[in-house]
Amino acid sequence: MARRIDVTGAGGVRLAAWEFADPPKPGAGPDAEGEAESGVPGVLLLHGLMGRASHWAPTARWLAGRHRAVALDQRGHGQSEKPPRAAYTREAYVEDAEAAVEQLGLAPVLLIGHAMGALTAWQLAAKRPDLVRGLIVCDMRASALGAASQREWADWFRSWPVPFASLADVRKWFGEDDPWVERPSPARGAFYAEVMHECEDGWRPVFDPEQMLSSRETWVYDAHWEELAQVRCPTLVVRGVDGELGRAEAQEMVRVLPLGEYAEVPDAGHLAHYDLPEAWRAAVSPFLDGLPRD
């Protein structure tokens, strides 16, 4: 059962954070032995563009055995506020995550981010090393993607046959019929079904596609190697073997990071944590086991 906690983000934007289990009680088991009541390690999970906190539910529930695991609906996503176009800056996303860590008392926090959420996580780790004890980056590139990529995304949004008549149609289109799908992917269909809500004329996304493009254009034209190099905490770079982050770039990211490590999820694509949760957990577990809690 997820518990909602409201957070006030940059510019007063209301954000919905979700705790997916009761915080573990220090001393309640061998993993918590000797920890002070305030010493339960905090985790903040950040979804990617168009995602929502619920996409992290299996990971959050798994982590909750040893951590206080919280996932954030970032601005414009899920049940968080969807402010005007001008509010979708990199600075705003980072300040929102910073506010969540501080207001929820999660520091020193382990940040886990997917795609755009991973960029937000490493930018926060570079900005506020005092708040972050560890970082997991899932399938996010540090290189610039460029104008052609942004145009492709704009065309893709326009190709969506909205409104969808049913959630079954959502699952079929994103899992099979979408031109970007190389082979049928029920998990991809389910992922997008989670970000739809029922309207009078059918099913539409809970987000505004124009706001998503606004969010994306604030980072797609720039490389982010310099900020990555400023991350001082232990960091795991994870890629799905068939995802968007190539092996060579991932390994270069590890080289640039002062305390970087590498892992990959076999047979997974961009949505590794959602598509293959057990394989994802196996990939990140050694890093979590070796991460200092102090």
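Anchor point for the sequence shown: position 259 equals 248 in our numbering, and the numbering is continuous, going up by one each time. Glycine included, C-beta positions come from ideal geometry on N, C-alpha and C. Keep in mind that this is a model prediction, so the values were computed, not measured.
Going by CA-CA distance only, name the one from G191, G65, E91 and E253 that's closest to V285.
The chain is shown from -10 up to 283; residue 285 falls before or after that span and cannot be answered.
When the Cα atoms are used, what is the spatial distance from S43 to E183?
Position 54 of the sequence shown holds residue 43. Position 194 of the sequence shown holds residue 183. A direct Cα-to-Cα measurement between S43 and E183 gives close to 8 Å.
Per DSSP, which residues does C127 bridge with? Please list them.
In the sequence shown, counting from the first residue as 1, residue 127 sits at position 138. DSSP lists H103 and V227 as partners of C127.
Give me the residue from V98, I(-6) and G94 with the minimum Cα distance to P223.
In the sequence shown, the residue the question calls residue 223 occupies position 234. Considering only alpha carbons, the answer is V98.
Indicate whether at least one CB of chain C lies closer than 9 Å to the CB of E241.
Absent from the structure is chain C; it holds one protein chain and no more.
So is D190 buried or exposed if we call it buried at 16+ other beta carbons inside 10 Å?
Your numbering for residue 190 matches position 201 in the sequence shown. It is exposed - the Cβ of D190 has fewer than 16 other Cβ atoms within 10 Å.
Hey, could you find the ends of the beta strand (DSSP E) P194 is sitting in?
As a first step, residue 194 is located in the sequence shown; it is residue number 205 there, counting from the start. For P194, the uninterrupted beta strand (DSSP E) segment begins and ends at G191 to P194.
Express the C-alpha separation of A96 and S148 in angstroms, rounding to a whole number.
Counted from its first residue, the sequence shown places residue 148 at position 159. Counted from its first residue, the sequence shown places residue 96 at position 107. Going by C-alpha positions, S148 is about 42 Å away from A96.
Where P72 and A53 are concerned, what is the direct C-alpha to C-alpha distance, given to the nearest angstrom?
Walking along the sequence shown from the start, residue 72 turns up at place 83. Walking along the sequence shown from the start, residue 53 turns up at place 64. Approximately 31 Å between the Cα atoms of the pair.
Using C-beta distances below 6 Å, list every residue in its chain close to E70, excluding the 5 sequence neighbours before and after it, in chain order.
Here the question's residue 70 lines up with position 81 in the sequence shown. Cβ within range, chain order: V2 and R3.
Is any non-hydrogen atom of the ligand HEM found closer than 8 Å to the C-beta of D167, if you look at the structure I gave you?
Among the components modelled here there is no ligand, and therefore nothing to report on the ligand HEM.
What are the start and end residues of each continuous alpha helix (DSSP H) run of 4 or more residues lying completely inside the segment 244 to 271, in chain order?
As summarised for the segment 244 to 271, the continuous alpha helix (DSSP H) elements at least 4 residues long and confined to that stretch are 261 to 264, given in chain order.
Given 8 Å, three or more beta-carbon pairs between the segment 185 to 199 and the segment 230 to 248
No contact exists between the segment 185 to 199 and the segment 230 to 248.
Report yes or no: do the segment 123 to 133 and the segment 101 to 110 share at least 3 C-beta pairs separated by less than 8 Å?
Touching, yes.
Name the DSSP bridge partner or partners of T(-3)?
Position 8 of the sequence shown, counted from the first residue, corresponds to residue -3. Paired residues: R3.
Can you look up L288 in the DSSP assignment and give me helix, strand or coil?
A query on residue 288 cannot be resolved here, the shown segment of the chain reaching from -10 to 283 and no further.
Roughly how many whole angstroms lie between the Cα atoms of Y82 and D256?
In the sequence shown, counting from the first residue as 1, residue 82 sits at position 93. In the sequence shown, counting from the first residue as 1, residue 256 sits at position 267. Spanning the two alpha carbons is a distance of roughly 31 Å.
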